[in-house]
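*Asks:* Be aware that the sequence shown starts at 100, since it is given in the working numbering, and climbs by one per residue.
I have a structure here, written as structure tokens, and I will follow up with some questions on it.
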Amino acid sequence: MTRQAVAYRSGRVLLAGDSAHVHYPAGGQGLSLGVQDAVNLGWKLAQVVDGTSPESLLDTYQDERHPVAARALQHTMAQGVLQRPDERIKALVDVVSELAIMDEPRKRLAGIISGLDIHYDLGEGHPLLGRRMPDLDLVTAEGPLRVFTLLHDAKPVLINLGEPGSFEITAWAGRVKSIDAEYVGPWELPVLGAVTAPMAVLVRPDGYVAWVGDGTDTGLRGALTTWFG
């Protein structure tokens, strides 16, 4: 059985996880889908409830998560077919298996099944925009720090990798953490591979990048307003 709700929100009713989509449990993708639904919705719902953001922020939950689940359902249906005990299907499995041992198809399939290739459409820009922030080992004035430890409080964080003190976000000081840091090493994203190192990134509480800086603050205030009131 494969089904998906047409809408994830109807007024005060919001759907997530198995109430929003059900499918063959190939690759354990349903767990990742449900958890990411909840994390995507959770911080947005909290901001609307406490008056930080307008109710329209909840519409981005449907916009971002519905296409992700629709694609996952398509792939789980394909995986289900490949497990049928049929000689014609076995021939298809052999062909797919040959493709899957090649580097590019293997990377793409791994990204799909893990959910690490998810890309929310937040406009044009750096490849990081709308994608999950890598969990890098940063160097700060207080010592070494992993990126994801900055998200433990479920607050957005602005990571400045350029000149210290380059960004002024006083108006959002109580909502967005700001940190100056350095990172020495390659920037690599699942499926895409190496990307150009950004000068700054604004990371949402769900770990996805809402803005990428090129050395200026162009677009930063707009991104802060859109996502964090």
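We treat Cβ as the ideally placed atom computed from N, Cα and C, and that holds for glycine.
Given the structure is predicted, the values throughout are model-derived calculations rather than measurements.
1) Pick out the complete beta strand (DSSP E) segments inside the segment 107 to 141, 3 residues or longer, and give them in chain order.
2) Apart from the five residues just before and just after G314, which ones in its own chain have a Cβ nearer than 7 angstroms to its Cβ?
3) Please state whether DSSP places L260 in a helix, a strand or coil.
4) When DSSP labels each residue in this structure, what does T151 get in the three-state scheme?
5) Do the segment 172 to 187 and the segment 122 to 134 touch if we need at least three Cβ pairs shorter than 8 angstroms?
6) Using a Cβ-Cβ cutoff of less than 7 angstroms, which residues in the same chain neighbour I268 once the five nearest sequence positions on both sides are dropped?
7) Under the rule that 16 or more other beta-carbon atoms within 10 Å means buried, what is S152, buried or exposed?
8) Taking Cβ positions, are V148 and L156 nearer each other than 8 angstroms?
9) Going by CA-CA distance only, name the one from Y307, P233, L215 that's closest to W286.
10) Can you give the Cα-Cα distance for A270 and L301, rounded to whole angstroms?
11) Would you call D305 buried or exposed, if buried means 16 or more other Cβ atoms sit within 10 Å of its Cβ?
12) In its own chain, which residues sit with a C-beta less than 7 angstroms from the C-beta of I188, not counting the 5 before and 5 after it?
13) Have a look at the DSSP bridge pairing and note the partners of G312.
14) Can you tell me where the beta strand (DSSP E) with K276 in it begins and where it stops?
15) Do the segment 287 to 297 and the segment 214 to 233 meet, that is, are 3 or more Cβ pairs less than 8 angstroms apart?
16) In whole angstroms, what separates the C-alpha of E241 from that of L291?
*Replies:* Based on what the coordinates show:
1) Scanning the segment 107 to 141 for uninterrupted beta strand (DSSP E) segments of 3 residues or longer gives nothing; none is fully contained.
2) G261, M298
3) coil
4) T151: coil per DSSP, three-state reduction.
5) The segment 172 to 187 vs the segment 122 to 134: in contact.
6) Within the same chain, I268 has close Cβ partners L257, V275, S277, L323.
7) Counting Cβ neighbours within 10 Å, S152 comes out buried, since at least 16 surround it.
8) no
9) P233
10) So the alpha carbons of these two residues sit roughly 15 angstroms apart.
11) By the neighbour-count rule (16 or more Cβ atoms within 10 Å), D305 is buried.
12) V180, L181
13) A299
14) 276 to 279
15) yes
16) 32 angstroms
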